[in-house]
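Engineer:
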Amino acid sequence: MEELRSPGPRLRAARQERGWTLDELAGRAGMSVSTLSRLESGKRQASLELLLPLTRQLGIRVDDLLDSPERDPRVRRRPVTRDGMTIAPLTREASEVRAYKITYHPGAPERELQAHEGHEWLYVLSGRLQLDLGERQHLLGRGEAAEFDTTTPHRMRAAGTRAAEVVSIFNTVGERLHLRRTAAEEPETGPDAEQAAGRSD
1 MEELRSPGPR LRAARQERGW TLDELAGRAG MSVSTLSRLE SGKRQASLEL LLPLTRQLGI
61 RVDDLLDSPE RDPRVRRRPV TRDGMTIAPL TREASEVRAY KITYHPGAPE RELQAHEGHE
121 WLYVLSGRLQ LDLGERQHLL GRGEAAEFDT TTPHRMRAAG TRAAEVVSIF NTVGERLHLR
181 RTAAEEPETG PDAEQAAGRS D
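Numbering (UniProt numbering), first residue to last: 1 to 201.
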């Protein structure tokens, strides 16, 4: 059985990005929770036999979990749709800056304002986006951009009856708190946590 370098941090990031608990991913991949937990923490040596069922469920390739100077530069990660949003990752799991194409679908339930450490940049590709910052509301149309400190309470949604397509860029702090789901997550010891469903926004 071929042994691979520890993919733990990237494996954890991929799981948390989808808002899945250890129990959920382990069940989908047909392995024990303890095995998955040890893989993520680096306490168990990774192998193709263990990683293949996990990457199938996560919609990524084994190469995405490993460091490889000759890897394909193209990003191939499946979009995730939930809570009124479709989130398409534009960067790899381990990138220091994370970029996403996010589609806010009209009619989604309004979310609570979120506030956390970090910084966010966004650009509206199509539709109209309502950005709430504190007590102020901002309407952004196609071709408009915004930049803000995420310690300011904020949320986003489509304005009107059309979807709003946005490219969002986060530093790692803003991304992990913004695109992760906390309510269903186990206590974090690693670098990621949000509210992915929560990405507000």
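The beta-carbon is built from N, C-alpha and C at its ideal position, and this holds for glycine as well.
1) To the nearest angstrom, how far is the alpha carbon of Ala146 from that of Ser32?
2) In its own chain, which residues sit with a C-beta less than 7 Å from the C-beta of Leu39, not counting the 5 before and 5 after it?
3) Need the endpoints of the alpha helix (DSSP H) that Glu49 sits in, please.
4) Mark Arg77 as exposed unless 16 or more other C-beta atoms lie within 10 angstroms of its C-beta, in which case mark it buried.
5) With a Cβ-Cβ cutoff of 7 Å, do residue 216 and Trp121 count as a contact?
6) Buried or exposed: which applies to Thr55, given that a residue is buried once 16 or more other Cβ atoms fall within 10 Å of its Cβ?
7) Tell me the DSSP bridge mates of Lys101?
8) Is Ala159 helix, strand or coil when you go by DSSP?
9) Based on DSSP bridge pairs, tell me the residues matched to Asp149.
10) When the Cα atoms are used, what is the spatial distance from Ala108 to Gly84?
11) I need the straight-line Cα distance from Phe148 to Gln57, nearest angstrom please.
12) Under a three-way DSSP split, which group does Thr35 fall into?
13) Which of the three DSSP states, helix, strand or coil, is assigned to Leu66?
14) In whole angstroms, what separates the C-alpha of Val124 from that of Leu22?
15) Just how far apart, CA to CA, sit Leu48 and Leu90?
16) Along the chain, where does the alpha helix (DSSP H) containing Arg78 start, and where does it finish?
17) Could you tell me the boundaries of the alpha helix (DSSP H) in which Gln45 lies?
18) Please name the residue, chosen from Val166, Arg92, Thr150, that lies closest to Arg66 on a Cα-to-Cα basis.
19) Can you tell me the Cβ-Cβ gap for Tyr104 and Ala158, rounded? I've got them flagged as a contact below 8 Å.
Structural biologist: With the structure as the only source:
1) Straight-line Cα distance between these residues: approximately 44 Å.
2) Excluding sequence neighbours, Leu39 sits near Gly8, Leu11, Ala46, Leu50.
3) Its alpha helix (DSSP H) spans residues 48 to 58.
4) In the assembly as shown, Arg77 is a buried residue. Its beta-carbon has 16 or more other beta-carbons within 10 Å.
5) Nothing can be reported for residue 216, as the shown portion of the chain is limited to 1 through 201.
6) The residue in question, Thr55, is buried, as its Cβ has 16 or more Cβ neighbours within 10 Å.
7) DSSP lists Ala88, Val167 as partners of Lys101.
8) Ala159: coil per DSSP, three-state reduction.
9) DSSP lists His119 as the beta-bridge partner residues of Asp149.
10) When rounded, the separation of the alpha-carbon atoms in Ala108 and Gly84 is 5 Å.
11) Taking the straight line from one Cα to the other gives about 34 Å.
12) The answer is helix: DSSP assigns Thr35 an H, G or I state.
13) DSSP, read as helix, strand or coil, puts Leu66 in coil.
14) Cα atoms of Val124 and Leu22: separation of roughly 34 Å, rounded to the nearest angstrom.
15) Straight-line Cα distance between these residues: approximately 25 Å.
16) DSSP places Arg78 in no alpha helix (DSSP H); its state is neither H nor E.
17) That residue, Gln45, is in no alpha helix (DSSP H); it is neither H nor E in DSSP.
18) Note that residue 66 corresponds to Leu in the displayed sequence, not to Arg. Closest by alpha carbon: Arg92.
19) Yes, they are in contact, since the Cβ atoms of Tyr104 and Ala158 sit about 4 Å apart, within 8 Å.
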